[in-house]
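For reference, the structure discussed in these notes is given below.
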Amino acid sequence: MASLPRLGETISGFTVTELGTIHMLGARTVLFNHESSGAQLLYIQNDDRELGFNLIYRTPQMDERDNSHILEHLILSSCKKYPSRDIFFDMDSKSYTTFMNGLTDNTFTCYPVCSQSQEQLLKLMDVFLCCMEEPDALKDKNFYLREAIRYELSSVNGPLTMQGTVLSEDWGHLTDILENADSAMSHTLYEGSRTANLLGRAHLHYRELSYEQARETFERCYSYSNCLITLYGNMDYGAILNFLDREHLSRAASKGRSLLGEFEEPVKPGFRTCTAQSPAYHGSPSEHASVMDYGIDLSGCTKEELIYWDLFADILDNDTSPWHRYAREMGLNHVMEVYLDILLPHPSLKFRLRNGDSCLKEAFLGSIRKALKDICRDGLSPKLYRASMKENRLTDSLTREAPHLGFNLSEEIGRYWSTTGRTDYFQLYEEAFRRFEEDSDQAIIKKLAATALHPRASALVVTQPVPGLAEQLEEEKEQYLNEKLASMTAAEQKQLIEETAAFHDWNSRQRSNMDFLIRPQELPEPAKPCSFTKRQRGTITCYTSPSPSRGVGSYQLYFDISRIGKDDLNYLTLYQMLLTELDTKRFTVEQQKNLEQEYLHDCTFDELYPAGKAGPQNHPMMSVFWFGLTEDFEAGLDFLLDVMGGGDYSDTDTIIQVLEKYLPDYDQSKGDNASALAFSLSEGYTRQECRFRNMLNSQENYYFLKDVLKRLKEDPDFGTMAASKLKTISHTILNRRSLVFLAAASPDVLGNLEQAAVDILGRLPVFKEDHDSLAPAIWIPDQKQRLAVCVEASCQETRLMGDFYENPGFKGRYLPFLMAVADKYLKPAIRYQGGAYDSGIDFYIPAGYFSLWSTADPEVRSTQKLFLATGAQLMELPLTRGELDGYILNAYAQALPPSGTLSTRMRHMRRDMVNMDSCKINEMISDIRNADLCHQQEAARIIDEILGRSAIVTVGNEKCIMKDKDVFDQVLIYHTDYA
């Protein structure tokens with residue numbers, strides 16, 4: 001890596017003002033100040049090959065008209081040097097990037113890019129900076145009409161409609177009760193101040209939006225003296241600093257305006273309460289559906305104290321903390337959480353209860369105060385304290401496992417910088433964590449609890465869903481449009497009709513830019529598969545892979561569940577729900593919660609049923625995945641098996657409490673599940689293992705669990721039967737027949753880990769091969785090809801899944817053509833003309849599918865029609881060699897996403913387990929670079945054939961779907977209480 005400059009040294013107009021180290025990243029940091037422009041630049045240097053750039057501006061929310069968010073969309077549309085219809089989507093579809101976005105928060109707006117090519121990163125940096133300096137949207141109002149809001153009229157008889165990308169995005173959150181609860185809390189705790197304003201509320205202020213507001217926001221916020229630039233990874237930073245100074249910053253005189261003072265509003269003292277309404281659609285539940293929040297203002301804290309508050313909140317959030325214990329004793333059997341809320345200019349400590357009722361608010365507040373009183377006197381349980389500190393250390397050691405760190409780290413730093421002016425967040429965190437962990441007397445925790453017990457400003461807010469209010473707001477919008485049309489003169493109507501036609505003409509023009517391309521011939525070869533060892537140890541198959549990660553490992557078990565009968569499989573979800581919720585003979589629930597924190601980091605359970613190609617693994621399985629310190633592996637595995645096999649299923653009262661607490665999380669009728677539901681159902685049409693997983697996690701399974709809860713309450717004999725079912729399932733799962741174990745860890749401990757796993761897992765019983773269970777494939781339900789699901793949402797999520805797995809005619813060189821047709825056909829038709837928030841095509845080579853998608857889409861029929869015509873449109877699509885080069889870059893970046901060292905090794909072992917050839921996958925990836933214009937017709941033909949066999953799933957608003965129900969083979973209606 002390049003050597004770093006000394007304190008006070010100047011490079012290309014950048015002077016070093018601070019040097020630092022971030023140990024968890026293996027990184028050194030340099031903070032520069034660019035004197036002539038006033039910009040600050042933070043470089044985080046480590047050996048990461050995924051490089052990152054972020055451009056961060058302070059953007060205070062002056063009101064709730066979402067102007068900073070609107071401006072974020074406008075900025076990246078076009079600029080003088082890179083004119084385009086939408087330069088952001090040009091870059092997104094035709095560059096070698098691993099991550100790119102524009103994001104608005106309540107205190108800042110940022111523009112991050114990540115790439116594994118420094119040449120590509122530099123070219124995209126130039127586009128971003130030019131867009132900040134001379135955005136075309138400030139000169140051409142059409143960009144505002146497209147991205148923010150516009151009124152459309154096609155004839156004097158109407159109707160008058162209202163469109164806009166940001167408006168549609170915000171309207172899509174109409175029934176988001178958590179977002180509405182956040183808004184209610186902010187306006188109660190920070191009553192009458194700008195601090196209370198949240199982004200994403202334009203749908204409640206559409207009457208007040210104007211182009212001039214966006215222009216004013218730009219003039220106020222977008223100067224380099226109000227900006228932080230971040231660089232990340234193993235790069236030639238000197239060349240980048242020279243580029244930044246030469247091409248941009250030296251040309252911009254400092255305005256001396258940082259807007260840091262905009263966040264220094266005083267907070268009104270006192271305790272305030274509020275009951276707020278959250279829009280919901282008819283049929284949505286109103287009982288046991290409210291959100292309860294208690295917020296404590298922390299605006300007077302030091303920066304170090306805020307990190308203490310964050311660590312303290314993590315401990316309080318544990319199920320075994322005094323707060324959760326007192327809440328249970330006071331009858332609050334709900335999902336609850338506590339966290340440090342730093343999304344507003346003023347930080348706050350927020351306690352939240354979900355799926356409750358307003359009558360519980362006194363008990364909710366009482367449980368908090370009682371817990372804080374105990375903690376400020378006695379501190380916390382040493383076991384809980386130790387487990388939490390260990391979990392934090394493990395989390396920190398796994399930081400490098402996450403992709404796109406150039407964005408994720410800079411977002412945290414940017415949020416911190418926006419309100420403090422400082423960039424040393426992670427250095428401060430590491431030092432504060434050390435002091436917090438070493439505070440054996442818990443003096444810090446006791447002081448925090450005492451402060452929270454007597455806050456200067458606090459608020460208790462209950463946010464209640466109101467069924468029918470969503471329809472009422474939609475009707476109010478229609479009434480507003482009708483009244484607006486009626487109030488217009490004939491001349492005004494004529495003018496708007498002309499403006500509507502002119503906008504559609506402008507919006508239909510093809511204007512793109514590719515001046516940021518790099519040469520696809522220089523793309524690297526795919527990395528060779530990681531080395532691993534496979535051994536058969538009796539009935540246990542062991543996979544191990546050496547990793548440079550020290551002291552931490554990644555583990556996974558695959559249990560054969562083919563002996564669980566069809567009727568009993570319904571209980572598998574309940575079995576997983578009850579893990580760590582019931583006492584075992586060795587561990588109480590409280591002990592289990594603490595040990596899970598210590599030993600089983602990020603532990604997840606999943607079900608799969610690999611297809612016939614998997615050979616010996618062609619049977620239903622349940623997987624368990626976790627990270628852990630290698631020194632704790634034996635204790636962790638022993639603990640995991642005890643939890644999986646030792647639950648006291650005769651404890652009916654506790655099972656009832658667990659079901660009451662977590663059951664709402666399994667209800668797929670909520671709008672926030674729509675995107676994931678559309679994806680999983682479309683995948684399930686062609687994939688046996690996905691259909692199997694969908695069956696076990698369906699809305700029908702939610703209704704089954706509701707029925708179990710009802711019968712447990714009403715029939716004591718049913719409790720005995722259910723206990724027997726659960727016990728049988730646990731015994732059936734915990735057998736070593738066809739058991740598979742995977743581990744990635746440091747080579748010096750890997751052999752010991754494998755032997756320990758064999759010794760411990762070898763104690764499990766083994767079932768005989770002969771059993772008379774029906775072959776599972778017989779009872780996995782079929783799925784309709786054209787499927788719609790109505791949920792509590794204001795718009796639609798649509799997915800088409802195209803299957804090219806083991807299709808000998810499909811080649812990697814065809815994938816860039818999918819990128820082309822997404823960019824030049826689907827996005828213009830669905831986003832620009834159709835009004836959806838976004839649309840595109842993704843692919844995943846190992847699974848062998850590509851996916852057409854639209855999100856926050858008001859349309860149903862037209863989107864499906866557009867999807868199905870994609871192959872035919874590709875045949876006629878005008879395409880240049882330069883454009884194809886861009887789509888090759890984009891496809892290659894999508895095919896080779898970055899991942900951590902442990903994750904990469906686990907992925908290659910999983911592939912081998914199901915007979916998936918990583919070398920063949922690499923061959924298809926490598927073939928992407930061979931795409932040529934002469935391949936367009938054959939690509940279009942085979943893609944069109946695949947589309948004809950593909951599943952299309954739409955999940956969304958019942959009214960919209962039922963209007964076009966004839967385009968589906970089946971329409972399902974999901975509600976909390978019925979299907």
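Residue 153 in UniProt numbering sits at position 153 of the sequence shown, with consecutive numbering throughout.
Where a beta carbon is used, it is the ideal one built from N, C-alpha and C, also for glycine.
Here the structure is a predicted model, which means the values were calculated and not measured.
What does DSSP give as the partner residues of residue i in its beta bridges?
{"i": "Gly840", "result": "Trp853"}
{"i": "Asp297", "result": "Ser348"}
{"i": "Arg786", "result": "Ile952"}
{"i": "Lys534", "result": "Tyr543"}
{"i": "Val462", "result": "Thr275 and Met292"}
{"i": "Glu329", "result": "Partner(s): none; Glu329 has no beta bridge."}
{"i": "Cys227", "result": "Tyr57"}
{"i": "Ser549", "result": "Per DSSP, none; premise fails for Ser549."}
{"i": "Ser623", "result": "Tyr558 and Asp606"}
{"i": "Gln796", "result": "Asp857"}
{"i": "Asp803", "result": "Tyr849"}
{"i": "Gln970", "result": "Leu787"}
Between residue i and residue j, is the Cβ-Cβ spacing less than 8 Å?
{"i": "Ala829", "j": "Leu866", "result": "yes"}
{"i": "Arg905", "j": "Ala757", "result": "no"}
{"i": "Leu19", "j": "Thr10", "result": "no"}
{"i": "Asn318", "j": "Leu384", "result": "yes"}
{"i": "Gln783", "j": "Gly956", "result": "no"}
{"i": "Pro112", "j": "Ser418", "result": "no"}
{"i": "Leu380", "j": "Ile445", "result": "yes"}
{"i": "Ile177", "j": "Gly164", "result": "no"}
{"i": "Gln592", "j": "Val643", "result": "yes"}
{"i": "Leu761", "j": "Tyr543", "result": "no"}
{"i": "Met819", "j": "Ile845", "result": "no"}
{"i": "Thr630", "j": "Val740", "result": "no"}
{"i": "Glu247", "j": "Asp136", "result": "no"}
{"i": "Asp932", "j": "Val860", "result": "no"}
{"i": "residue 996", "j": "Phe128", "result": "Outside the modelled stretch of the chain, which goes from 1 to 979, sits residue 996, for which no answer is possible."}
{"i": "Thr399", "j": "Leu25", "result": "yes"}
{"i": "Lys484", "j": "Leu160", "result": "yes"}
{"i": "Ser903", "j": "Glu401", "result": "yes"}
{"i": "Arg415", "j": "Ile342", "result": "yes"}
{"i": "Leu332", "j": "Leu353", "result": "yes"}
Exposed or buried, which one is residue i when buried takes at least 16 other CB atoms within 10 Å?
{"i": "Ser682", "result": "buried"}
{"i": "Ala449", "result": "buried"}
{"i": "Thr175", "result": "buried"}
{"i": "Lys710", "result": "exposed"}
{"i": "residue 986", "result": "As displayed, the chain neither begins before 1 nor continues past 979, which places residue 986 out of reach and without an answer."}
{"i": "Gly886", "result": "buried"}
{"i": "Gln970", "result": "exposed"}
{"i": "His23", "result": "exposed"}
{"i": "residue 983", "result": "The chain is shown only over 1 to 979; residue 983 falls outside these bounds and no answer can be derived."}
{"i": "Asp772", "result": "With a pLDDT of only 49 at Asp772, under 50, the local geometry of the prediction cannot be trusted, and the value read off the model is given with reservation. It counts as exposed."}
{"i": "Met100", "result": "buried"}
{"i": "Ser547", "result": "buried"}
{"i": "Pro382", "result": "exposed"}
{"i": "Ala2", "result": "exposed"}
{"i": "Glu806", "result": "exposed"}
{"i": "Arg146", "result": "buried"}
Hey, residue i and residue j are a contact pair by Cβ (cut 8 Å); roughly how many whole angstroms apart?
{"i": "Gln277", "j": "Val462", "result": "Contact flag wrong, Cβ pair sits at about 10 Å."}
{"i": "Leu344", "j": "Tyr232", "result": "Not confirmed; about 26 Å, so no contact."}
{"i": "His34", "j": "Gly8", "result": "No, His34 and Gly8 are not in contact; Cβ-Cβ is about 15 Å, not under 8 Å."}
{"i": "Phe627", "j": "Asp602", "result": "5 Å"}
{"i": "Ala678", "j": "Thr798", "result": "6 Å"}
### Query
Can you give, in chain order, each stretch of the beta strand (DSSP E) that sits fully within the stretch 111-166 and has at least 3 residues?
150-152 and 161-163
#### Entry: Inside the stretch 41-103 only - beta strand (DSSP E) runs reaching at least 3 residues
51-58
### Query
At which residue ranges does the stretch 636-690 contain complete alpha helix (DSSP H) runs of 4 or more residues, listed in the order of the chain?
652-662 and 674-686
### Message
So within the stretch 381-430, which uninterrupted alpha helix (DSSP H) runs reach at least 4 residues, ignoring any that extend past its ends?
### Response
382-397 and 405-420
### Task
Can you check the stretch 874-938 for any alpha helix (DSSP H) of at least 4 residues that lies completely inside it and give the ranges in chain order?
881-895, 901-913 and 918-927
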